[in-house]
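From first to last, the protein sequence lines are chains E and F. With our numbering applied, the first sequence covers 26 to 136. With our numbering applied, the second sequence covers 70 to 181. What follows is a short report on a single structure.
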Amino acid sequence: NAGVTQTPKFQVLKTGQSMTLQCAQDMNHNSMYWYRQDPGMGLRLIYYSASEGTTDKGEVPNGYNVSRLNKREFSLRLESAAPSQTSVYFCASAQDNQPQHFGDGTRLSIL
Amino acid sequence: SQKIEQNSEALNIQEGKTATLTCNYTNYSPAYLQWYRQDPGRGPVFLLLIRENEKEKRKERLKVTFDTTLKQSLFHITASQPADSATYLCAPTDTGRRALTFGSGTRLQVQP
């Protein structure tokens, strides 16, 4: 029962480095989402993909890019990491407007 | 602008009591509202969804109410247990929107 799998679980980067956060789901869901969670701010939507081949900006998209590689996989890329992007990143999937299933997050620190 | 308010202060209650958590929203016309539970170091887990035409919904020891006039949802856990200790997030969702906007959550601590 894998559900939503995120890799890596932890990462430390230096300012200006790039990296890609990976997310895969095995529930055949159409929609996938990337959120960030900061203390006192709750979950904020970065990007989402309603179906394979489509992506849309969320509340806080600046500094990020996404790729919906296929139905299973939705990656989040930081091209030039900044300390303000230190956060916990969650990926989620859902079938249309059904409740979302979340991964356990990637804890990212940028020095 | 749209706003979701949940008590930022932690709620501490004794085991066996009923916990009541509040979710207030402004500038939403939600077709439904969802509640999620989040444990430390884990992703949120869906608990209950209530639609705008439903006043109340129950699942085992959980009960959710939805008052679209007051723009408020209440989340109740009866006969609370230490294992219920977690942060609870609400997410009102407008008609036609797929993406969720979450409140910042209320942390519940149930003392044995």
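The beta carbon of each residue, even a glycine, is placed where N, CA and C say it ideally should be.
Contact check for Ile73 (chain F) against Gly165 (chain F) fails: the beta carbons are separated by 7 Å or more.
Looking at F:Ala168, F:Ala155, F:Pro161, F:Thr170, the one whose alpha-carbon comes closest to that of Gln178 (chain F) is F:Ala155. Beta-bridge analysis with DSSP links His126 (chain E) to E:Ser118. E:Lys96 is the residue among E:Gly67, E:Leu70, E:Asp63, E:Lys96 whose C-alpha sits nearest the C-alpha of His54 (chain E). Secondary-structure assignment with DSSP links Asn81 (chain F) through a beta bridge to F:Gln178. Taking 8 Å as the upper bound for CB-CB distance, Tyr157 (chain F) and Leu90 (chain F) are in contact here, some 5 Å apart. Scanning chain E for C-beta atoms nearer than 7 Å to the C-beta of Leu118 (chain F) yields Pro124, reported in chain order. In the three-state scheme derived from DSSP, where H, G and I count as helix and E and B as strand, Ala148 (chain F) is classed as coil. In the DSSP annotation of this structure, Lys39 (chain E) is not part of any beta strand (DSSP E), being labelled neither H nor E. Ile146 (chain F) and Ala152 (chain F) have their C-alpha atoms spaced approximately 12 Å apart.
In the DSSP assignment, Gly67 (chain E) falls within the unbroken beta strand (DSSP E) covering 67-74.
Under a criterion of Cβ atoms nearer than 9 Å, no residue of chain E is adjacent to Ala88 (chain F); the nearest Cβ is some 20 Å distant. Between the C-alpha atoms of Val29 (chain E) and Phe127 (chain E) there is a straight-line separation of about 6 Å.
Annotation for Gln107 (chain F): the continuous beta strand (DSSP E) segment containing it runs 99-107. Not flagged as an interface residue toward chain F: Phe99 (chain E), since no C-beta distance is shorter than 7 Å. Residue environment analysis places Val37 (chain E) among the exposed positions, since fewer than 16 neighbouring C-beta atoms fall within 10 angstroms of its C-beta. By the rule that beta-carbons nearer than 7 Å mark a contact, Gly85 (chain F) does not touch chain E. Here Ser109 (chain E) is exposed, its C-beta having fewer than 16 other C-beta atoms within 10 Å.
Taking C-beta atoms under 8 Å as the contact rule, Met57 (chain E) and Arg93 (chain E) qualify, at a distance of about 7 Å. With fewer than 16 other Cβ atoms inside 10 Å of its own Cβ, Gln120 (chain E) counts as exposed.
Residues of chain E with a Cβ closer than 7 Å to the Cβ of Ser173 (chain F) are, in chain order, Gly65, Met66, Gly67.
F:Ser149 is the residue among F:Thr95, F:Ser149, F:Gly174, F:Pro161 whose C-alpha sits nearest the C-alpha of Glu84 (chain F).
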